[in-house]
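This report concerns only the one structure given below.
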Amino acid sequence: MSTESHRPTSRITDALLPTPSSLPPKAPEPHGPRPTGVASAPLPAEVPSRPAPTPGTAVGAGAATGSRPEAQVPPVETTTRLRPIRDHASAPAPRPPHHPEGPRPAPSPPPHGAPPPPHGAPHPSTGVPRPASAPSGAGQYAYGTYGAYRPSPYPGVPEAPAETTTRLRPVRERRSGRMVAAGACLVLGLGLIGGAVAGAVLAATDAGAPAEPAGYAQARTLWHSVPVDTLFPRTLPGPAAGPGAATRTWTRVVVAADAPCSATVLSPSLLTALRPVGCDRVLRATYTDATATSVITVGLVFTQADPATTRTLSTQAARLGADVPPALSAPGTVAARFGAAQRASWWTRPLADLPVVVTSVSGFADGRPVTRPEPAEKAMTAGSTSAPAQAGLGHEARGVANRVERQVRTAVADATKGEDEK
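Residue numbering for the sequence shown follows the working numbering, starting at 1 and increasing by one per position.
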(Lines of atoms letter the chains of each structure in order from A and count residues from 1; the text may use other names and numbers.)
(Lines give C-alpha, C1' and ligand atoms only; values in the text may rest on other atoms or scores of the structure.)
Protein backbone atom coordinates (compact mmCIF):
# COMPACT_ATOMS: atom_id res chain seq x y z
CA MET A 1 0.00 0.00 0.00
CA SER A 2 1.26 3.41 -0.86
CA THR A 3 1.87 5.94 1.94
CA GLU A 4 0.33 8.64 -0.20
CA SER A 5 -3.10 7.09 0.21
CA HIS A 6 -3.06 7.80 3.96
CA ARG A 7 -1.79 11.38 3.74
CA PRO A 8 -4.38 13.85 5.19
CA THR A 9 -5.48 16.72 3.05
CA SER A 10 -6.90 20.15 3.84
CA ARG A 11 -10.16 21.73 2.82
CA ILE A 12 -8.41 23.70 0.15
CA THR A 13 -6.97 20.53 -1.31
CA ASP A 14 -10.39 18.93 -1.33
CA ALA A 15 -11.81 21.95 -3.05
CA LEU A 16 -9.29 21.54 -5.81
CA LEU A 17 -9.93 17.83 -6.40
CA PRO A 18 -11.21 16.71 -9.82
CA THR A 19 -14.90 16.53 -10.43
CA PRO A 20 -16.71 13.28 -9.62
CA SER A 21 -16.98 12.51 -13.32
CA SER A 22 -13.21 12.20 -13.62
CA LEU A 23 -12.66 10.36 -10.32
CA PRO A 24 -12.70 6.56 -10.00
CA PRO A 25 -15.43 4.97 -7.96
CA LYS A 26 -15.41 5.86 -4.29
CA ALA A 27 -13.74 3.34 -2.07
CA PRO A 28 -15.74 2.05 0.84
CA GLU A 29 -15.08 3.72 4.11
CA PRO A 30 -13.28 1.72 6.72
CA HIS A 31 -15.24 0.50 9.66
CA GLY A 32 -12.64 1.51 12.17
CA PRO A 33 -12.66 4.78 14.13
CA ARG A 34 -12.01 7.93 12.18
CA PRO A 35 -8.92 9.93 12.95
CA THR A 36 -9.64 12.91 15.20
CA GLY A 37 -6.46 14.91 14.86
CA VAL A 38 -6.77 15.80 11.17
CA ALA A 39 -8.96 18.29 9.33
CA SER A 40 -10.12 15.96 6.45
CA ALA A 41 -10.31 12.29 5.39
CA PRO A 42 -7.55 10.60 3.37
CA LEU A 43 -7.84 10.66 -0.43
CA PRO A 44 -8.00 7.49 -2.49
CA ALA A 45 -4.65 6.10 -3.40
CA GLU A 46 -5.29 6.52 -7.08
CA VAL A 47 -5.68 10.30 -6.86
CA PRO A 48 -2.41 12.16 -6.69
CA SER A 49 -2.23 15.35 -4.69
CA ARG A 50 -2.22 18.59 -6.58
CA PRO A 51 -0.60 21.84 -5.69
CA ALA A 52 -2.95 24.36 -4.15
CA PRO A 53 -3.83 27.20 -6.47
CA THR A 54 -3.96 30.77 -5.33
CA PRO A 55 -7.20 31.83 -3.61
CA GLY A 56 -9.85 33.26 -5.80
CA THR A 57 -9.07 31.13 -8.90
CA ALA A 58 -11.10 28.21 -10.22
CA VAL A 59 -9.56 24.95 -11.38
CA GLY A 60 -11.01 22.29 -13.63
CA ALA A 61 -13.29 22.15 -16.55
CA GLY A 62 -16.32 22.72 -14.39
CA ALA A 63 -15.34 26.32 -13.79
CA ALA A 64 -15.85 27.16 -17.42
CA THR A 65 -19.22 25.57 -17.78
CA GLY A 66 -20.62 26.85 -14.43
CA SER A 67 -22.63 23.61 -13.88
CA ARG A 68 -22.49 21.61 -10.63
CA PRO A 69 -22.92 17.81 -10.70
CA GLU A 70 -25.32 16.20 -8.33
CA ALA A 71 -22.60 14.47 -6.32
CA GLN A 72 -22.64 14.01 -2.60
CA VAL A 73 -20.09 15.78 -0.51
CA PRO A 74 -18.23 13.28 1.57
CA PRO A 75 -19.38 13.31 5.18
CA VAL A 76 -15.89 14.22 6.24
CA GLU A 77 -16.39 17.72 4.78
CA THR A 78 -18.86 18.85 7.45
CA THR A 79 -18.15 21.54 10.00
CA THR A 80 -17.95 18.90 12.70
CA ARG A 81 -14.70 17.62 11.22
CA LEU A 82 -13.01 20.95 12.00
CA ARG A 83 -13.43 20.73 15.77
CA PRO A 84 -10.34 18.58 16.49
CA ILE A 85 -8.09 21.20 14.90
CA ARG A 86 -8.37 23.39 18.01
CA ASP A 87 -6.92 20.65 20.22
CA HIS A 88 -3.77 20.18 18.11
CA ALA A 89 -3.13 23.84 17.35
CA SER A 90 -0.10 24.64 19.48
CA ALA A 91 0.23 28.25 18.41
CA PRO A 92 -1.68 30.56 16.11
CA ALA A 93 -0.40 30.62 12.59
CA PRO A 94 1.02 33.86 11.26
CA ARG A 95 -1.58 36.22 9.93
CA PRO A 96 -1.49 36.55 6.14
CA PRO A 97 -1.14 40.01 4.67
CA HIS A 98 -4.40 41.81 4.39
CA HIS A 99 -5.69 42.39 0.88
CA PRO A 100 -8.82 44.34 0.14
CA GLU A 101 -11.56 41.92 -0.60
CA GLY A 102 -13.61 42.30 -3.69
CA PRO A 103 -17.24 41.44 -3.90
CA ARG A 104 -17.77 37.92 -2.70
CA PRO A 105 -19.82 35.52 -4.82
CA ALA A 106 -23.02 34.28 -3.39
CA PRO A 107 -22.57 31.09 -1.37
CA SER A 108 -23.33 27.93 -3.33
CA PRO A 109 -26.32 25.93 -2.24
CA PRO A 110 -25.57 22.79 -0.26
CA PRO A 111 -25.10 19.68 -2.42
CA HIS A 112 -27.92 17.24 -2.66
CA GLY A 113 -27.87 14.69 0.09
CA ALA A 114 -25.40 16.48 2.35
CA PRO A 115 -26.33 16.35 6.03
CA PRO A 116 -27.30 19.77 7.42
CA PRO A 117 -25.09 21.28 10.06
CA PRO A 118 -26.18 21.00 13.68
CA HIS A 119 -28.74 23.66 14.53
CA GLY A 120 -27.34 26.36 16.78
CA ALA A 121 -23.86 24.80 16.88
CA PRO A 122 -21.23 27.50 17.36
CA HIS A 123 -18.57 27.89 14.72
CA PRO A 124 -15.20 26.87 16.09
CA SER A 125 -12.40 29.32 16.11
CA THR A 126 -8.94 27.90 15.51
CA GLY A 127 -6.98 31.13 15.48
CA VAL A 128 -5.65 30.22 12.00
CA PRO A 129 -6.39 32.80 9.31
CA ARG A 130 -8.51 31.50 6.49
CA PRO A 131 -7.78 32.20 2.86
CA ALA A 132 -10.19 34.05 0.66
CA SER A 133 -12.86 31.89 -0.83
CA ALA A 134 -12.56 30.88 -4.44
CA PRO A 135 -15.45 31.38 -6.83
CA SER A 136 -17.62 28.34 -7.03
CA GLY A 137 -18.12 26.54 -10.32
CA ALA A 138 -19.15 23.24 -11.78
CA GLY A 139 -17.37 20.25 -10.38
CA GLN A 140 -15.78 21.99 -7.35
CA TYR A 141 -16.67 23.52 -4.00
CA ALA A 142 -15.63 27.02 -3.13
CA TYR A 143 -14.66 28.20 0.32
CA GLY A 144 -17.63 29.78 2.01
CA THR A 145 -20.25 27.27 0.97
CA TYR A 146 -22.99 26.05 3.20
CA GLY A 147 -21.67 25.30 6.67
CA ALA A 148 -18.40 27.13 6.14
CA TYR A 149 -17.06 29.41 8.87
CA ARG A 150 -16.94 33.12 8.16
CA PRO A 151 -14.74 34.92 10.69
CA SER A 152 -15.60 38.39 11.90
CA PRO A 153 -13.44 41.20 10.50
CA TYR A 154 -10.52 42.57 12.52
CA PRO A 155 -10.19 44.15 15.03
CA GLY A 156 -13.69 43.27 16.19
CA VAL A 157 -17.29 44.19 15.86
CA PRO A 158 -17.78 47.92 16.55
CA GLU A 159 -20.27 49.08 19.12
CA ALA A 160 -23.81 49.37 17.98
CA PRO A 161 -25.40 52.84 17.99
CA ALA A 162 -27.71 51.74 20.79
CA GLU A 163 -24.75 50.84 23.01
CA THR A 164 -23.09 54.16 22.28
CA THR A 165 -26.24 56.05 23.21
CA THR A 166 -26.62 54.07 26.42
CA ARG A 167 -23.08 54.89 27.50
CA LEU A 168 -23.62 58.60 26.92
CA ARG A 169 -26.78 58.89 28.97
CA PRO A 170 -25.09 59.00 32.40
CA VAL A 171 -22.82 61.78 31.14
CA ARG A 172 -25.77 63.92 30.15
CA GLU A 173 -27.49 63.28 33.49
CA ARG A 174 -24.40 64.27 35.47
CA ARG A 175 -23.99 67.43 33.45
CA SER A 176 -27.61 68.36 33.99
CA GLY A 177 -27.24 67.72 37.71
CA ARG A 178 -24.22 69.97 37.89
CA MET A 179 -26.03 72.65 35.97
CA VAL A 180 -28.99 72.45 38.34
CA ALA A 181 -26.69 72.66 41.35
CA ALA A 182 -24.82 75.59 39.86
CA GLY A 183 -28.09 77.36 39.14
CA ALA A 184 -29.32 76.77 42.68
CA CYS A 185 -26.07 78.14 44.12
CA LEU A 186 -26.34 81.17 41.88
CA VAL A 187 -29.91 81.86 42.96
CA LEU A 188 -28.99 81.36 46.62
CA GLY A 189 -26.01 83.68 46.31
CA LEU A 190 -28.08 86.37 44.64
CA GLY A 191 -30.72 85.99 47.35
CA LEU A 192 -28.16 86.41 50.11
CA ILE A 193 -26.65 89.45 48.45
CA GLY A 194 -30.09 90.95 47.89
CA GLY A 195 -31.05 90.30 51.50
CA ALA A 196 -27.90 91.97 52.76
CA VAL A 197 -28.49 95.00 50.56
CA ALA A 198 -32.13 95.21 51.61
CA GLY A 199 -31.14 94.97 55.26
CA ALA A 200 -28.62 97.76 54.87
CA VAL A 201 -31.20 99.95 53.15
CA LEU A 202 -33.83 99.27 55.79
CA ALA A 203 -31.35 99.96 58.56
CA ALA A 204 -30.78 103.43 57.12
CA THR A 205 -34.51 104.21 56.93
CA ASP A 206 -37.29 104.57 59.44
CA ALA A 207 -38.63 101.12 58.48
CA GLY A 208 -35.49 99.54 59.84
CA ALA A 209 -35.23 101.74 62.93
CA PRO A 210 -34.91 99.89 66.24
CA ALA A 211 -37.97 99.53 68.42
CA GLU A 212 -38.46 102.23 71.04
CA PRO A 213 -37.72 101.03 74.57
CA ALA A 214 -40.56 100.94 77.06
CA GLY A 215 -41.21 104.34 78.66
CA TYR A 216 -39.03 106.17 76.15
CA ALA A 217 -41.79 108.55 75.12
CA GLN A 218 -42.94 109.09 78.73
CA ALA A 219 -39.41 110.06 79.79
CA ARG A 220 -39.38 112.97 77.34
CA THR A 221 -42.19 114.70 79.26
CA LEU A 222 -41.08 114.05 82.83
CA TRP A 223 -39.58 117.51 83.24
CA HIS A 224 -43.10 119.02 83.24
CA SER A 225 -45.48 116.10 83.89
CA VAL A 226 -44.41 114.97 87.38
CA PRO A 227 -43.98 116.88 90.68
CA VAL A 228 -40.51 118.15 91.53
CA ASP A 229 -40.41 116.06 94.68
CA THR A 230 -40.73 112.93 92.50
CA LEU A 231 -37.50 113.63 90.67
CA PHE A 232 -35.69 115.51 93.47
CA PRO A 233 -36.94 114.18 96.81
CA ARG A 234 -36.30 116.29 99.90
CA THR A 235 -34.17 113.51 101.33
CA LEU A 236 -32.06 111.01 99.42
CA PRO A 237 -30.89 107.89 101.23
CA GLY A 238 -27.49 106.57 100.20
CA PRO A 239 -26.72 103.19 101.74
CA ALA A 240 -23.14 102.11 101.06
CA ALA A 241 -22.64 105.21 98.93
CA GLY A 242 -19.74 106.75 100.85
CA PRO A 243 -16.07 105.76 101.09
CA GLY A 244 -15.66 102.27 102.51
CA ALA A 245 -19.35 101.56 101.75
CA ALA A 246 -20.39 104.05 104.40
CA THR A 247 -24.02 105.10 104.47
CA ARG A 248 -24.84 108.58 103.32
CA THR A 249 -27.97 110.74 103.56
CA TRP A 250 -28.46 113.94 101.56
CA THR A 251 -30.92 116.71 102.09
CA ARG A 252 -32.20 118.98 99.37
CA VAL A 253 -31.14 122.62 99.75
CA VAL A 254 -32.42 124.30 96.62
CA VAL A 255 -34.28 123.46 93.38
CA ALA A 256 -33.91 125.59 90.26
CA ALA A 257 -36.62 126.20 87.73
CA ASP A 258 -36.43 124.32 84.47
CA ALA A 259 -34.07 126.05 82.08
CA PRO A 260 -33.19 125.82 78.39
CA CYS A 261 -30.01 124.09 77.33
CA SER A 262 -27.21 126.67 77.55
CA ALA A 263 -23.71 127.18 78.86
CA THR A 264 -25.19 128.50 82.12
CA VAL A 265 -26.53 125.11 83.11
CA LEU A 266 -24.45 122.69 80.97
CA SER A 267 -20.76 122.00 80.62
CA PRO A 268 -19.14 122.98 77.30
CA SER A 269 -18.49 119.39 76.23
CA LEU A 270 -22.06 118.22 76.94
CA LEU A 271 -23.60 121.24 75.27
CA THR A 272 -21.52 120.66 72.15
CA ALA A 273 -22.53 116.99 71.97
CA LEU A 274 -26.27 117.66 72.40
CA ARG A 275 -26.66 120.51 69.94
CA PRO A 276 -26.86 118.24 66.85
CA VAL A 277 -29.19 115.87 68.70
CA GLY A 278 -31.50 118.38 70.27
CA CYS A 279 -32.00 119.36 73.89
CA ASP A 280 -35.35 120.14 75.53
CA ARG A 281 -34.87 121.29 79.13
CA VAL A 282 -32.54 121.07 82.11
CA LEU A 283 -33.63 120.51 85.74
CA ARG A 284 -31.22 121.08 88.64
CA ALA A 285 -31.15 120.82 92.48
CA THR A 286 -28.47 121.10 95.19
CA TYR A 287 -28.09 118.70 98.14
CA THR A 288 -25.88 118.65 101.24
CA ASP A 289 -24.66 115.77 103.39
CA ALA A 290 -25.65 115.10 107.00
CA THR A 291 -22.66 117.08 108.34
CA ALA A 292 -23.25 120.02 105.97
CA THR A 293 -19.59 119.97 104.96
CA SER A 294 -20.13 119.14 101.29
CA VAL A 295 -22.63 120.29 98.69
CA ILE A 296 -23.70 118.51 95.48
CA THR A 297 -25.56 119.93 92.47
CA VAL A 298 -27.40 117.31 90.39
CA GLY A 299 -28.92 117.92 86.95
CA LEU A 300 -31.30 116.12 84.54
CA VAL A 301 -30.89 116.94 80.84
CA PHE A 302 -33.82 115.89 78.62
CA THR A 303 -32.75 115.36 74.99
CA GLN A 304 -34.58 114.96 71.68
CA ALA A 305 -32.44 112.03 70.54
CA ASP A 306 -33.99 108.91 69.02
CA PRO A 307 -33.31 105.50 70.58
CA ALA A 308 -30.38 104.74 68.26
CA THR A 309 -28.70 108.07 68.99
CA THR A 310 -29.36 107.66 72.70
CA ARG A 311 -27.57 104.33 72.68
CA THR A 312 -24.69 105.92 70.82
CA LEU A 313 -24.44 108.72 73.37
CA SER A 314 -24.37 106.20 76.21
CA THR A 315 -21.07 104.87 74.86
CA GLN A 316 -19.52 108.36 74.82
CA ALA A 317 -19.73 109.24 78.50
CA ALA A 318 -16.08 110.25 78.63
CA ARG A 319 -16.53 112.73 75.80
CA LEU A 320 -19.75 114.16 77.20
CA GLY A 321 -18.26 114.51 80.68
CA ALA A 322 -14.93 115.95 79.70
CA ASP A 323 -15.74 119.26 81.42
CA VAL A 324 -17.03 120.12 84.89
CA PRO A 325 -20.76 121.01 85.06
CA PRO A 326 -21.82 124.38 86.57
CA ALA A 327 -22.72 124.54 90.29
CA LEU A 328 -26.07 125.75 91.66
CA SER A 329 -25.76 127.98 94.73
CA ALA A 330 -28.52 129.36 96.96
CA PRO A 331 -28.13 132.46 99.14
CA GLY A 332 -28.89 131.96 102.82
CA THR A 333 -28.09 128.22 102.68
CA VAL A 334 -25.04 126.03 103.11
CA ALA A 335 -24.64 126.24 99.35
CA ALA A 336 -24.35 130.03 99.34
CA ARG A 337 -20.59 129.95 98.65
CA PHE A 338 -20.71 127.04 96.19
CA GLY A 339 -19.41 128.43 92.92
CA ALA A 340 -17.12 127.54 90.03
CA ALA A 341 -13.95 127.74 92.16
CA GLN A 342 -15.33 125.34 94.74
CA ARG A 343 -16.08 122.48 92.29
CA ALA A 344 -13.96 119.48 93.24
CA SER A 345 -15.33 116.33 91.52
CA TRP A 346 -18.04 115.55 88.94
CA TRP A 347 -20.02 112.70 87.37
CA THR A 348 -21.74 112.43 83.94
CA ARG A 349 -23.92 109.49 82.86
CA PRO A 350 -26.00 109.36 79.62
CA LEU A 351 -28.75 106.72 79.94
CA ALA A 352 -28.87 104.08 77.18
CA ASP A 353 -32.65 103.47 77.19
CA LEU A 354 -34.03 106.90 78.07
CA PRO A 355 -33.42 110.34 76.49
CA VAL A 356 -31.91 111.67 79.72
CA VAL A 357 -28.38 112.63 80.78
CA VAL A 358 -27.63 112.75 84.54
CA THR A 359 -24.89 115.11 85.77
CA SER A 360 -23.55 116.03 89.20
CA VAL A 361 -20.75 118.12 90.71
CA SER A 362 -19.56 118.26 94.36
CA GLY A 363 -17.52 120.73 96.42
CA PHE A 364 -16.75 122.05 99.88
CA ALA A 365 -19.59 123.84 101.70
CA ASP A 366 -17.21 126.29 103.44
CA GLY A 367 -16.21 127.87 100.12
CA ARG A 368 -12.79 126.28 99.97
CA PRO A 369 -11.42 126.53 96.40
CA VAL A 370 -10.10 123.50 94.50
CA THR A 371 -7.32 124.07 92.02
CA ARG A 372 -7.49 120.70 90.26
CA PRO A 373 -10.95 119.11 90.06
CA GLU A 374 -11.04 115.37 89.36
CA PRO A 375 -13.63 113.13 87.73
CA ALA A 376 -15.42 110.93 90.23
CA GLU A 377 -13.85 107.76 88.79
CA LYS A 378 -10.38 109.10 89.55
CA ALA A 379 -11.28 110.53 92.93
CA MET A 380 -12.68 107.15 94.01
CA THR A 381 -9.50 105.29 93.11
CA ALA A 382 -8.03 103.46 96.07
CA GLY A 383 -4.90 105.12 97.45
CA SER A 384 -5.58 108.50 95.86
CA THR A 385 -4.25 111.38 98.02
CA SER A 386 -5.86 114.36 96.30
CA ALA A 387 -8.11 116.71 98.26
CA PRO A 388 -11.33 115.58 96.52
CA ALA A 389 -10.40 111.93 97.09
CA GLN A 390 -9.53 112.45 100.78
CA ALA A 391 -12.81 114.28 101.37
CA GLY A 392 -14.85 111.62 99.57
CA LEU A 393 -16.28 114.15 97.12
CA GLY A 394 -16.05 111.64 94.27
CA HIS A 395 -18.33 109.26 96.16
CA GLU A 396 -20.68 112.15 96.98
CA ALA A 397 -21.05 113.14 93.32
CA ARG A 398 -21.67 109.62 92.10
CA GLY A 399 -23.97 108.66 94.99
CA VAL A 400 -26.38 111.59 94.49
CA ALA A 401 -26.46 111.06 90.70
CA ASN A 402 -27.28 107.36 91.09
CA ARG A 403 -30.15 108.04 93.51
CA VAL A 404 -31.69 110.67 91.23
CA GLU A 405 -31.41 108.29 88.27
CA ARG A 406 -33.42 105.74 90.24
CA GLN A 407 -36.07 108.37 90.87
CA VAL A 408 -36.30 109.02 87.11
CA ARG A 409 -36.72 105.34 86.30
CA THR A 410 -39.38 104.92 88.96
CA ALA A 411 -41.30 107.89 87.57
CA VAL A 412 -41.11 106.47 84.02
CA ALA A 413 -42.39 103.08 85.20
CA ASP A 414 -45.31 104.70 87.02
CA ALA A 415 -46.20 106.80 83.97
CA THR A 416 -46.11 103.77 81.68
CA LYS A 417 -48.22 101.75 84.08
CA GLY A 418 -50.80 104.52 84.34
CA GLU A 419 -51.16 104.71 80.54
CA ASP A 420 -51.57 100.94 80.29
CA GLU A 421 -54.38 101.01 82.84
CA LYS A 422 -56.21 103.64 80.83
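Ideal placement from N, C-alpha and C gives every residue a C-beta, glycine not left out.
{"Query": "Beta-carbon gap between Leu424 and Thr348 smaller than 8 Å", "Result": "No answer is possible for residue 424: the residues shown for the chain start at 1 and end at 422."}
{"Query": "Beta-carbon gap between Ala392 and Glu374 smaller than 8 Å", "Result": "Position check: residue 392 holds Gly in this sequence, whereas Ala was assumed. No; because the gap between Cβ atoms is not below 8 Å, this pair is not in contact."}
{"Query": "Close-in-space but distant-in-sequence residues of the same chain around Val426 (CB under 8 Å, 5 per side omitted)", "Result": "The question about residue 426 has no answer here: the residues shown for the chain are numbered 1 through 422."}
{"Query": "Buried versus exposed, by CB contacts within 10 Å (16 or more), Gly32", "Result": "Low confidence applies to Gly32: its pLDDT is 49, below 50, so where it sits in the model is not reliable enough to give any reading."}
{"Query": "Where Ile193 falls, given that 16 or more other Cβ within 10 Å makes a residue buried", "Result": "exposed"}
{"Query": "Of the residues Ala336, Val197, Gly363, Val356, the one placed nearest Trp346, counting alpha carbons only", "Result": "Gly363"}
{"Query": "Enclosing alpha helix (DSSP H) for Leu271 [first to last residue]", "Result": "268 to 274"}
{"Query": "Which of helix, strand or coil DSSP assigns to Thr416", "Result": "helix"}
{"Query": "Thr333 to Ala340 span [Cα, whole Å]", "Result": "17 Å"}
{"Query": "The segment 230 to 247 in contact with the segment 319 to 333 per 3-pair CB rule at 8 Å", "Result": "no"}
{"Query": "Assigned secondary structure, Leu190 (DSSP; H/G/I helix, E/B strand, else coil)", "Result": "helix"}
{"Query": "DSSP-derived helix/strand/coil call for Glu70", "Result": "Low confidence applies to Glu70: its pLDDT is 49, below 50, so where it sits in the model is not reliable, and the reading given next is rough at best. Three-state result, Glu70: coil."}
{"Query": "Span separating the alpha-carbon of Ser294 from that of Thr288", "Result": "6 Å"}
{"Query": "Where Pro388 sits in the DSSP three-state scheme", "Result": "helix"}
{"Query": "Status (buried if at least 16 other CB within 10 Å, exposed otherwise) for Gln390", "Result": "exposed"}
{"Query": "Exposure of Cys279, with buried meaning 16 or more beta-carbon neighbours within 10 Å", "Result": "buried"}
{"Query": "Per-residue DSSP class, three states only, for Glu374", "Result": "strand"}
{"Query": "Contact under 8 Å by Cβ, Ala424 with Ala365", "Result": "Beyond the ends of the chain as shown, which are 1 and 422, falls residue 424; an answer cannot be given."}
{"Query": "Alpha carbon of Val357 to alpha carbon of Leu188, nearest angstrom", "Result": "46 Å"}
{"Query": "Contact check, Leu351 vs Leu300, beta carbons under 8 Å", "Result": "no"}
{"Query": "C-beta atoms of Val298 and Ala285 nearer than 8 Å", "Result": "yes"}
{"Query": "Assigned secondary structure, Arg337 (DSSP; H/G/I helix, E/B strand, else coil)", "Result": "coil"}
{"Query": "For Asp229, the first and last residue of its enclosing beta strand (DSSP E)", "Result": "That residue, Asp229, is in no beta strand (DSSP E); its alpha helix (DSSP H) goes 228 to 231."}
{"Query": "Whole-angstrom distance between Arg281 and Pro260, CA atom to CA atom", "Result": "5 Å"}
{"Query": "Residue of Pro326, Thr371, Gly383, Met179 minimising C-alpha distance to Ser262", "Result": "Pro326"}
{"Query": "Buried or exposed (CB count within 10 angstroms, at least 16 for buried), Gly191", "Result": "exposed"}
{"Query": "Cβ-based burial, Met179 [other Cβ within 10 Å; buried from 16]", "Result": "exposed"}
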